[in-house]
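*Asks:* Okay, here's the structure, questions in a sec.
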Amino acid sequence: MKWLLIFWAAPVTLLTSWYGLSYYDMSFGVFMLTRQAHDLVFAIYGHVLGIPPETIPPLVARAMVVDSAIVFALVALRKRRQIVAWYRRRFGAPTAQSREAFASDANLSSAP
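In structure tokens:
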């Protein structure tokens, strides 16, 4: 399971860091991180796909969100017993033992 998360997180982190650094032209002397390379990459992808280059980043972001949801659904499916046990411990219905802990023989309330 950890390898699935590693192989998911590494490309997502790499792509988002490249996109953010190249979009704001923080190149640190590396051509691939310049805004010129950013525009060139999206122009090539736009030409190959036959769509305007400015429509590609939202499509990639949407794909990353869907892929992330699938990965987290797989993790939740594998860990569903632990998740259900945690949920019942945290939000579960009170048991008879917990109700007895709050019960009092002497009711001091004067409410009807």
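Heads up: the sequence shown at position 32 corresponds to 48 in this note's numbering, and the numbers run straight through without jumps. No residue lacks a Cβ here, since even glycine has one placed at the ideal position from N, Cα and C.
1) Looking at P73 and G62, is the spacing between their C-beta atoms short of 8 Å?
2) Do V81 and L20 have their CB atoms nearer than 8 Å?
3) Let me know the secondary structure DSSP gives T71 once reduced to three states.
4) Which residues in the same chain as S84 place their Cβ atom closer than 8 Å to its Cβ, once the five residues preceding and following it in sequence are excluded?
5) Once DSSP output is grouped into helix, strand and coil, what is the label at F129?
6) Just verifying my parser: in three-state terms, what is the DSSP assignment at Y103?
7) Along the chain, where does the alpha helix (DSSP H) that runs through Y35 open and close?
8) Could you give the distance in angstroms between the alpha-carbon of A53 and the alpha-carbon of S38?
9) Please tell me whether D41 and T50 are closer than 8 Å, where the distance is taken between their beta carbons.
10) Determine, using beta carbons only, whether M17 and R97 come nearer to each other than 8 Å.
11) Rounded to the nearest angstrom, what separates V64 and F58 at their Cα positions?
*Replies:* In short, the structure shows the following:
1) no
2) no
3) helix
4) W24 and V28
5) No answer is possible for residue 129: the residues shown for the chain start at 17 and end at 128.
6) Here Y103 sits in helix by DSSP.
7) K18 to Y39
8) In a straight line, the C-alpha of A53 is about 7 Å away from that of S38.
9) yes
10) no
11) 10 Å
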